[in-house]
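In terms of full-length UniProt numbering, the sequence shown has 114 at position 114, counting the first letter as 1, and numbering is strictly consecutive.
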Amino acid sequence: MKLTNRMEAILSLCSPAETAADIGCDHGQVAVELVLRGLAKTCIAADISAPSLEKARRRAEEWGLSGKVECRLGDGLSVLRPGEAQTIVLAGMGAPLMAEILQKQMDVARAAERLVLSPNIYPERLRKYLLKNGWRIPREKMIPEEGKYYPVFLAETGTCPSYRPEELLFGRWEQPDAGLLQFLDYKIAQAERIMEEMRRGGADTAGIGERRALYLQYREEMLRKGARK
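Structure below.
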């Protein structure tokens, strides 16, 4: 089965489990792959959309996994009992919605051994939410895909030192990957374009200039940690 780089990154952060859950599973590719790769003996594929869930059900059937991929119709983590899934995957939605899903069924979220999360937008809000509510983020990946950049991170219950503003924006990295450096280059270039447009219009560029300086500083820090393009 051909997977996107983002899906591959999600799977790479999953550890073997008895049961995994793919929340907002859409077509069910991740749910099926979790079982095929031995990352889950069984997987619960859940979605609020009946047509999407039907696609997941058909995919599981095509791969002979009807008995190992269970499709459940429902909203967020409401389809799970606390402790039922050791791995919970949430991807393909915005960070505010992810935080809302976790908050609504906090008992289910906390009972999981790991959350693997890939927000489409505002990842800094999700990092802030997780850290405030008793999770730590031991690993992250940044995935360039079709002209966009998608963070993928592993969250586990626990505490960690406070994040600096730039770490909330880009993550805390011990081993930064090439995708992160590409994303920082993109953000620096974007800030420079905005500054140029503002200068032409006679606007004050101090705020965006400070942001650019923050990006440059963090890029240098990542290079010192061994980031490579």
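The beta carbon of each residue, even a glycine, is placed where N, CA and C say it ideally should be.
Bridge-paired residues (DSSP) for residue i
i, result
"D47", "L73"
"S118", "A91"
"D22", "A45 and V89"
Residue i, buried or exposed, once every other Cβ within 10 Å from all chains shown has been counted against 16
i, result
"Q105", "buried"
"L102", "buried"
"Q29", "buried"
DSSP-derived helix/strand/coil call for residue i
i, result
"D185", "helix"
"E146", "coil"
"E167", "helix"
"A109", "helix"
"P151", "strand"
"P176", "coil"
"P96", "helix"
"P138", "strand"
"E156", "strand"
Integer Cβ distance of residue i from residue j, believed to fall under 8 Å
i, j, result
"A40", "R72", "Between R72 and A40 the Cβ distance is about 15 Å, and since that is not below 8 Å, they are no contact."
"E156", "R136", "6 Å"
From the options, residue whose alpha carbon lies closest to that of residue i
i, options, result
"E37", "R57, N5, C25 and M1", "Residue identity differs from the one stated: residue 37 is Arg in this sequence, not Glu. If we check each option's Cα against that of R37, M1 comes out closest."
"residue 249", "S118, V69 and L90", "Given a span of 1 to 229 for the chain in the structure shown, any question on residue 249 remains unanswerable."
"D185", "W135, E18 and A213", "A213"
"L97", "Q217, P165, G24 and R136", "G24"
"A111", "K187, I208 and G83", "G83"
"V116", "M222, L181, P16 and K55", "P16"
"L154", "E54, G94 and E113", "E113"
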